[in-house]
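The next block holds one structure in the form of structure tokens; read it before the comments.
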Amino acid sequence: MENKGKVVIKIDNVRKVYPVENGDDVIALNGVNLEIRENEFICVVGPSGCGKTTLLNIIGGLEQPTQGEATIHGRPILGPGPDRGIIFQQYALFPWLTVKKNVMYSTKFIRHEVPVMKKNKETGEMEPVYETDENGNTVPLMKKVRYSRTEREAIARKYIGMVQLNGFENKYPKELSGGMKQRVAIARGYALNSEVLLLDEPFGALDAQTRSQLQEDLLRTWEKERKTCFFITHDVDECVLLASRVIIMSARPGQVKEIIDIDLPYPRSQATKLDPKFQEYRNHIWDVVYKMYVDSGSINNN
Amino acid sequence: MVEKEKKVKEPKPKGYYKEKLTPKFIKDSRVKRDAAVAAVDLASLSKPINDAATSGPKKMKDFTLWAGWKTALVGLGGVIFVILIWSLYAYICDLQNVTSYLSSPWEVVESFYEQAIVHPYLWRHLGASLQRIVIGYLIALITSVPVAFLMAWYKPVRAFFDPFIQFLRCVPPIAYVPVVVAAFGTNENSKYFIIFLAVFLTMTVTIYQGVRNVDLTLVKAAYTFGARDRNLFLGVIVPSAFPFILTAMRLGVGAAMTTLVAAELTGTETGLGAFIQGQGSQTMMDGCIMGILVLGLFGILFDKGLLFIEKRLTRWK
């Protein structure tokens, strides 16, 4: 990509080892370096066991690296936070909440800035309070508040509409199909309005048709908002279709094998798959991934 | 001086002692089995039979089609069947005029008319029992919920309570009746205590399991939305475990009803359990059976009531 954005997340020489009793420790990640820039759509592909999910968990703050550091805007990532929304493969919807309440949950704890208002004694109207900042300019005094219930409901409604689930607001997750559940999870992830969105094989458990539909939906939303995405998949077609940059990882130990900029113009759709350039990228990535399978002995190459 | 070479003891390979300790006949049988498996000629095996006679399409029974009225009708049939057997046995006992004796269903109905409708004895006993059940049950409910949550959340709490729970689970309440009487006397406290203990054990174990079953992905998800620990407790853990709390409440009612008789062995003349005991000791079998039936029917009533509430509160399940 030509105009490279600001680095948001930096993975610096990260190593993750899972200790195993009476046996060799599992090295999930070894010497991984990565920069995630603003407005990028990064897809990570690789064989199972290459540490894709571990990497996502480290960025999400759900796990800590054994060595090295993960930072967001230069600050080390110590735990999960609303600046990094995660969409899980297992949907992770709260079964006791309706679709609307599930989506509303993501705005429950986050805060936003609003001007401090004060009643003008003469006119009796509400007016913003002003203060002088360090440069001597008069600016409205701001305060951080949580979203009100109505605001949260409005946000939820917007994103439920975005994933085309209008009319299902008051259904419980058990009443929805797998694809619909994942749409709710996506709506919930978007409603958080986090700076970065981490997606852990979100379409892995869905049938081919639902998957293509959701891929298109995701592309539409990304093209609109250009939210930084970190998407994990094992589907080569999916990664080329969605990503602006593809990261191929190899297994045992998990390492970054290759980084490829996907130079296909957005907006994309399923028709992009017919582009000869798409085929080129796809074949190249498939070759690299397939070769790793063969090398690891997963496939008998006779 | 000749330097003595130090003898280095080599560590034994993994599984060395296991192999060494295996008796010879087991090793022999393994060799035999392996040889037999190797000797099977796969090519000479005939194909499995796949014709319709052995594995053809079979219609699967669909139990979900059973209508509610059908279930009720079969249940009623079962009740009538048992009443018939009961009547028959009572009739045989009556005919032979032997030492065995059983009141007939009709005598039980008469006893109910006599002791519940003509005179209000039964209701007074029932009232006393209900008071004991409600008080013992409520104390158990209030205490078991926090104990179960703490046990699931903090290992030391679990380690503290676990031996007591495992021990008491194996002891029938009737066994510690004399101890309770000696410790608390024959007043109401001893009854509350026995019911409390039975209900507390049942509910704590069930709720504990429920809290342990909380889906960790949901906890992770809540954290990514910025939830703190206290938000997590009320927002994720409690609702997740809520169905288990309701199940525990139903199981607790069962425990309370089944320990009622034991509780009322601690010296009292009121209460349904005491009533059953009293009627039994006076060989008034009709009253005895009637008491048992009333006890059981109230148990069903409570259970159905709680089930109704449970269905209402956990529609999302």
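Protein chains in written order, with my numbering: chain A, 5 to 306; chain B, 746 to 1062. By construction, the Cβ of each residue, glycine as well, lies at the ideal position given by its N, Cα and C atoms.
Query, Result
"The region 182 to 202 of chain A / the region 85 to 98 of chain A touching (three or more Cβ pairs under 8 Å)", "yes"
"Delimiting residues of the alpha helix (DSSP H) encompassing G1018(B)", "1017 to 1026"
"Sequence-distant residues of its chain with Cβ nearer than 8 Å to T142(A) (five each side left out)", "Y134, E135, T136"
"Start-end ranges of the alpha helix (DSSP H) lying completely within the region 127 to 153 of chain A, minimum 4 residues", "none"
"Cα-Cα separation, L268(A) to D279(A)", "9 Å"
"As assigned by DSSP and simplified to three states, the class of R775(B)", "helix"
"Simplified DSSP assignment, three categories, for N305(A)", "The predicted position of N305(A) is uncertain, since its pLDDT is 47 and thus under 50; no value can be drawn from it."
"Assumed close pair T237(A), C47(A) - CB separation to whole angstroms, cut-off 8 Å", "6 Å"
"V782(B) - DSSP class collapsed to helix/strand/coil", "helix"
"Amino acids of chain B, ordered along the chain, whose beta-carbon sits closer than 8 Å to that of R256(A)", "Per Cβ cutoff of 8 Å: no residues; R256(A) is ~22 Å from chain B at best."
"Where V167(A) falls, given that 16 or more other Cβ within 10 Å makes a residue buried", "buried"
"Coarse secondary structure for Y761(B), derived from DSSP in three states", "helix"
"DSSP three-state assignment for I266(A), whether helix, strand or coil", "coil"
"Proximity test, Cβ basis, 8 Å: G85(A) and chain B", "yes"
"Separation of K815(B) from M805(B), as counted between CA atoms", "19 Å"
"Members of the region 191 to 205 of chain A that neighbour chain B once the beta carbon cut-off is set at 7 Å", "L196"
"Environment of H864(B) [buried if 16+ CB atoms lie within 10 Å]", "exposed"
"Interface partners of W1061(B) on chain A, CB under 7 Å", "P99, W100, Y176, K178"
"Environment of T992(B) [buried if 16+ CB atoms lie within 10 Å]", "buried"
"Within chain B, the residues that I90(A) reaches when beta carbons sit closer than 8 Å", "K965, A966, T969"
"Continuous alpha helix (DSSP H) stretch holding S856(B): start and end", "850 to 857"
"Outcome for M130(A) when other beta-carbon atoms lying within 10 angstroms are tallied against a minimum of 16", "exposed"
"According to DSSP, residues forming a beta bridge with M994(B)", "Paired residue(s): none; M994(B) is not in a bridge."
"Cβ of Y109(A) within 8 Å of any chain B Cβ", "yes"
"T962(B) at chain A interface by Cβ criterion, 8 Å", "yes"
"Contact with chain B by F308(A), beta-carbon distance below 8 Å", "Summary: the structure shown does not reach residue 308(A), with chain A confined to residues 5 through 306, and so no result is reported for it."
"Residue span of the alpha helix (DSSP H) that contains R224(A), given as start and end", "212 to 229"
"For V924(B), the nearest candidate out of A1008(B), S774(B), F826(B) (CA to CA)", "A1008(B)"
"Supposed contact pair R19(A) and T70(A) - C-beta distance, whole angstroms, cut 8 Å", "5 Å"
"8 Å contact criterion, which G971(B) and F113(A) should meet: CB distance rounded", "4 Å"
"Close Cβ partners of S254(A) (< 7 Å) along its chain, the five nearest in sequence each way excluded", "G50, C54, K261, M296"
"Chain A residues whose Cβ lies nearer than 8 Å to that of A993(B)", "Neighbours of A993(B) on chain A: none; closest Cβ ~17 Å, over 8 Å."
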